[in-house]
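These protein sequences, in sequence, are chains C and Y. FYI, the numbering for the first sequence is 39 to 216, going by our numbering. FYI, the numbering for the second sequence is 10 to 259, going by our numbering. This report concerns only the one structure given below.
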Amino acid sequence: MSVRFGLLALLAEAPTHGYQLKTAFERRTGGSWALNIGQVYTTLQRLERDGLVEAVRPGTDRRDYRITGAGRTLLEAWFGTPVVPEGPSRDELTIKVLLAVAAGDIDVTEVLQRQRTASVEQLQAYTRRKAQADPEKDLAFLVMLDALIFRTEAEVRWLDACEARIRHAARPAREAAR
Amino acid sequence: MTTLVQLDGATRWFGSGHTEVVALHPTNLSVEAGELLAIMGPSGSGKTTLLSLVGGLDRPSSGRVIVGGRDVGALDPRGLAVLRRRTVGYVFQDLNLLAGLTALENVALPLELDGRPAAEARAAAAAVLASVGLTELAGRFPDDLSGGEQQRVAIARALVGGRRILLADEPTGALDSITGESVMRLLRAHCNEGGTGILVTHDAAHAAWADRVVFLRDGRIVDEARPAPGPEFTGSPPGPAVRASGSGPA
């Protein structure tokens, strides 16, 4: 996703200026995404060029922006469109495990366990933050943490499944060798 | 620090000779007051064996298991029963609440079995039910409670009488993730107040509530996880301006 939908979503609530957009964006995304102010201004200029936002009082010092009709239409279409992954995962972990499985002379269970420990340690860190958060005041932060937690949990479940599959695949070979 | 649970080279095997099956190889582990420990591992890795030893449901084949200052291996069946009634509380996935008793009566039961007067047992049960937020539902029967409420009754029953060591075997098994989280918050609160909890789970998100996660495989502890530093969130910290309904840019 690009920053522009974030800014459009904020401007759909009320007209405002660049610096406020930066701080509101960071709060809304649970502190997970820091914007630099230059990026906010360039994005606003592009949005203005494309007719998606407009200056409230052109030519004055304080540049408040507001969303246009075209901007609202684009934003609604964005919210209404599901996010679909582009293709099979090519992240480093998946590839590392696939290569370890294929290599034969590597202890895959050990590779999986090292990753599992690291993932669980990450989960513990997220969970500590969750335990300290206020369920009412920190809603955006908690929703963001849930996203991190469930993704990491899925990673651990995948590691568990890998290990179970490898054990299962190794069993007939071991029995045949007897 | 007070060590509430300690395993010194504790083992458990079944059968002998050709048919011998080792469920737990020599294991050292200690859990302090205030600590929540989670045990993870595939089926058959020895998780439940370890929990049964600490819970006084089983005795080690060799080595020592010290629970609340008592050597589990040296206790006779009666001594084990006393350990389970006074020192260690157990929470299972299937809750084993008695359907014919109210929440309050279920929680009071371990004290009554321990010979305490009914009035005293009920007063203690009411206090523990209050601590898990169930005062208003104390008169209900298990069938009239939600899954999460039933699990809270089971936790109250495990804690009643001031038992400091709480053992939980997949306590969040049948619960949705937010209800499961509320169960984990209770276990966490018990430990923050100086108790000890040992949790067996296959769910990493629930294990992550623990101070320490040990991984078992084939009857051995193979690794241990402690919280990573951070995480660092680079943006502004969340503040009171973040609201569900959207209060507009600050």
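Virtual Cβ for every residue (Gly too), placed ideally from N, Cα, C. Owing to the predicted nature of the structure, the values given are computational and were not obtained by experimental measurement.
Note on Y/S54: 16 or more other CB atoms within 10 angstroms of its CB, so buried under the neighbour-count rule. Cβ neighbours of C/M182 within its own chain (closer than 6 Å, five residues either side excluded): G68, S70. With the criterion set as a beta carbon lying under 8 Å from some beta carbon of chain C, the stretch 92 to 104 of chain Y has no members that meet it. Within the stretch 83 to 122 of chain Y, complete beta strand (DSSP E) segments of at least 3 residues are found at 97 to 100, given in chain order. C-alpha of C/Q160 to C-alpha of Y/R93: approximately 35 Å in a straight line. Shown here for C/V139: same chain residues with a beta carbon closer than 8 Å to its own, the five before and five after excluded, namely V146, C200, I204 in chain order. If you ignore the 5 residues before and after Y/S71, its C-beta comes within less than 6 Å of the C-beta of T20, all in its own chain and listed in chain order. Contact between the stretch 147 to 160 of chain Y and the stretch 73 to 89 of chain Y is absent: fewer than three C-beta pairs spanning the two stretches fall below 8 Å. Flagged as an interface residue toward chain Y: C/R166, by a C-beta distance shorter than 7 Å.
In this structure, the alpha-carbon of Y/Y99 lies about 26 Å from that of C/E191.
When C-alpha distances from C/K175 are compared across C/K60, C/R66, C/L131, the shortest belongs to C/R66. Burial is judged here by how many other beta carbons sit within 10 angstroms of a residue's own beta carbon; C/T80 has fewer than 16 and is exposed. Cβ atoms of Y/L66 and Y/I174 stay farther apart than 8 Å, at about 13 Å. The Cβ atoms of C/L90 and C/G109 sit closer than 7 Å to each other. In the three-state reduction of the DSSP assignment, C/T61 falls in the helix class, which pools H, G and I. Listed as beta-bridge partners of Y/W22 by DSSP are Y/V31. The DSSP assignment places 103 to 105 as complete runs of the beta strand (DSSP E) inside the stretch 93 to 117 of chain C, in order along the chain (cut-off: 3 residues).
Between the alpha carbons of C/G56 and Y/R235 lies a gap of roughly 41 Å.
Taking one beta carbon from each stretch, the stretch 176 to 183 of chain Y and the stretch 147 to 166 of chain C have fewer than 3 pairs nearer than 8 Å; the two do not touch. C/V194 is positioned such that its CB atom lies closer than 7 Å to that of C/R154. Listed along chain Y are A234, R235, P236, A237, each with a C-beta nearer than 7 Å to that of C/E159. One alpha carbon belongs to Y/E233, the other to C/L137, and they sit about 25 Å apart.
In chain order, E29, V30, V31, A32, S70 place their CB closer than 7 Å to the CB of Y/W22, counting only its own chain and leaving out the 5 sequence neighbours on each side. By the criterion of a C-beta distance shorter than 7 Å, C/R104 is surrounded in its chain by L49, P53, V91, E92, V94, once the five residues flanking it on both sides are discounted.
Taking a C-beta cut-off of 7 Å against chain C, the contacting residues of the stretch 205 to 218 of chain Y are A213, A214, A216, A217, W218, listed in chain order. Pairing C/A171 with Y/M193, the inter-Cα distance amounts to about 15 Å.
Ranking C/K60, C/R209, C/I187 by CA distance to the CA of Y/A213 puts C/I187 first.
Take the alpha-carbon of Y/A136 and the one of Y/A127: they are about 14 Å apart. Interface annotation, Y/V81: not in contact with chain C, CB-CB separation never under 7 Å. Annotated as proximal: Y/M49 and Y/A216, with beta-carbon spacing under 7 Å.
In the three-state reduction of the DSSP assignment, Y/T205 falls in the strand class. The CB of Y/R197 comes closer than 8 Å to the CB of A169 in chain C, given here in chain order. Secondary structure of Y/L175 (DSSP, three-state): strand.
A straight line joining the alpha-carbon of Y/D17 with that of Y/R197 spans about 26 Å. The beta carbon of Y/A219 sits closer than 7 Å to the beta carbons of L45, L46, A47, L208 from its chain, once the five residues preceding and following it are set aside; these are given in chain order.
Under DSSP, the beta-bridge partners assigned to Y/E233 are Y/V223.
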